[in-house]
Amino acid sequence: MINSIFIINRDREVLLEKHWKTITPRSVLDFICEGESKLTEIKDIPPVVECSNGLFLLNVYHNGIFLVAVCAAEVSPLLVIELLNQIVFILEDYYGALSETIILDNLVGAFELLDEMLDNGFPMSTESNILKELIKPPKLLRSITDAVTGRHSGVTSTLPANQLTNIRWRRSGVKYTNNEAFFDITEKINAIIDRSGTVLLADVEGSVGSFIYLSIFAKFTGMTN
1 MINSIFIINR
11 DREVLLEKHW
21 KTITPRSVLD
31 FICEGESKLT
41 EIKDIPPVVE
51 CSNGLFLLNV
61 YHNGIFLVAV
71 CAAEVSPLLV
81 IELLNQIVFI
91 LEDYYGALSE
101 TIILDNLVGA
111 FELLDEMLDN
121 GFPMSTESNI
131 LKELIKPPKL
141 LRSITDAVTG
151 RHSGVTSTLP
161 ANQLTNIRWR
171 RSGVKYTNNE
181 AFFDITEKIN
191 AIIDRSGTVL
201 LADVEGSVGS
211 FIYLSIFAKF
221 TGMTN
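Residue numbers (UniProt numbering): 1 to 225.
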């Protein structure tokens, strides 16, 4: 699906590159750079760029950096772009923000996250809660310890217990004092009424919001899906 992922800055410098099936030369990024030079706004670069050598470059721009996925075959653009946006979200969730400096300061952690998120170029673990059980987020105390001991990997030796369950985003080991479930039912009525009080047009919109505090996995019945 994805051959390579590049993270580059606005000066066209490669901050990080990760390859799976084959090593993609950096020269493919020239197609992104050429498109940038023809536009007044860098954010106007097309999200999908077809190269003359048959490769497809799918990219997202965020806070001064590009995430570029290189694909050798036609894939769903929305799927790849959503994956790139999820990578941005995960990096921001781990490091508080996403910028050139943060990428360079956390190259090892970024490589470890990409290793867990994609398997041979295919999306695997993209939920933040699961990744945080596989790779511990950086903390000041752990950073000092790693600097002293020379250990720079945050990968744990145990697999998350909920990785193979139906609710992969749920953290493992969640316990509440009281098992409770709260539901908010909201209804909104939109209507157009003329001066005589006659209803010309009306519709009702409804939504159900839930707040679940259960220590176990449970299935609710009696409600339509």
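Where a beta carbon is used, it is the ideal one built from N, C-alpha and C, also for glycine.
Fair warning: this is a prediction, and the values are worked out from it, not measured in the lab.
Discussion item. Using the Cβ count rule (16 or more neighbours within 10 Å means buried), how would you classify Ser4?
Written reply: Ser4 should be labelled buried.
Fill in: Check: Ile90 C-beta below 8 Å from any heavy atom of the ligand NAD
The ligand NAD is absent from the structure shown, which contains no ligands of any kind.
Worksheet item: Bridge partners of Asp184, per DSSP?
Response: Gly209.
Item to complete: Under the assumption that Gly64 contacts Glu100 (Cβ atoms under 8 Å), give the Cβ distance between them as a whole number of angstroms.
Response: At roughly 6 Å, the Cβ-Cβ gap stays under 8 Å, so Gly64 and Glu100 are in contact.
Discussion item. Using C-beta distances below 8 Å, list every residue in its chain close to Ile90, excluding the 5 sequence neighbours before and after it, in chain order.
Written reply: Within the same chain, Ile90 has close Cβ partners Leu113, Met117, Thr126, Ser128, Leu131.
Discussion item. In the DSSP assignment, the beta strand (DSSP E) including Tyr61 goes from what residue to what residue?
Written reply: Element bounds for Tyr61: 56–62.
Worksheet item: Should Leu79 and Pro46 be called a contact, given that it needs their Cβ atoms to be closer than 9 Å?
Response: It is not a contact, given that the beta carbons lie outside the stated cut-off.
Worksheet item: Helix, strand or coil for Glu133 per DSSP?
Response: If DSSP states are grouped into helix, strand and coil, Glu133 belongs with the helices.
Worksheet item: What's the gap between the Cα of Lys21 and the Cα of Lys139?
Response: C-alpha separation (whole angstroms): 33 Å.
Item to complete: Reducing DSSP to helix, strand and coil, say where Ala191 ends up.
Response: The answer is strand: DSSP assigns Ala191 an E or B state.
Worksheet item: CB Ile2 to CB Ala69, shorter than 9 Å?
Response: In contact: Ile2 and Ala69 (Cβ atoms closer than 9 Å).
Worksheet item: When the Cα atoms are used, what is the spatial distance from Leu134 to Ile192?
Response: Whole-angstrom Cα-Cα distance: 54 Å.
Worksheet entry | Sequence-distant residues of the same chain with beta carbon closer than 7 Å to Leu200, five excluded per side | A distance below 7 Å between beta-carbons, with the five flanking residues on each side excluded, links Leu200 to the following residues of its chain, in chain order: Ile192, Ile193, Asp194.
Worksheet entry | Candidates Asn179, Glu82, Ser27, Lys188: closest to Asp203 by CA position | Distances from the alpha-carbon of Asp203 to those of Asn179, Glu82, Ser27, Lys188 put Lys188 closest.
Discussion item. Given this structure, state the Cα-to-Cα distance separating Gly197 from Asn190, to the nearest angstrom.
Written reply: Rounded to whole angstroms, Gly197 to Asn190 spans 15 Å at the Cα level.
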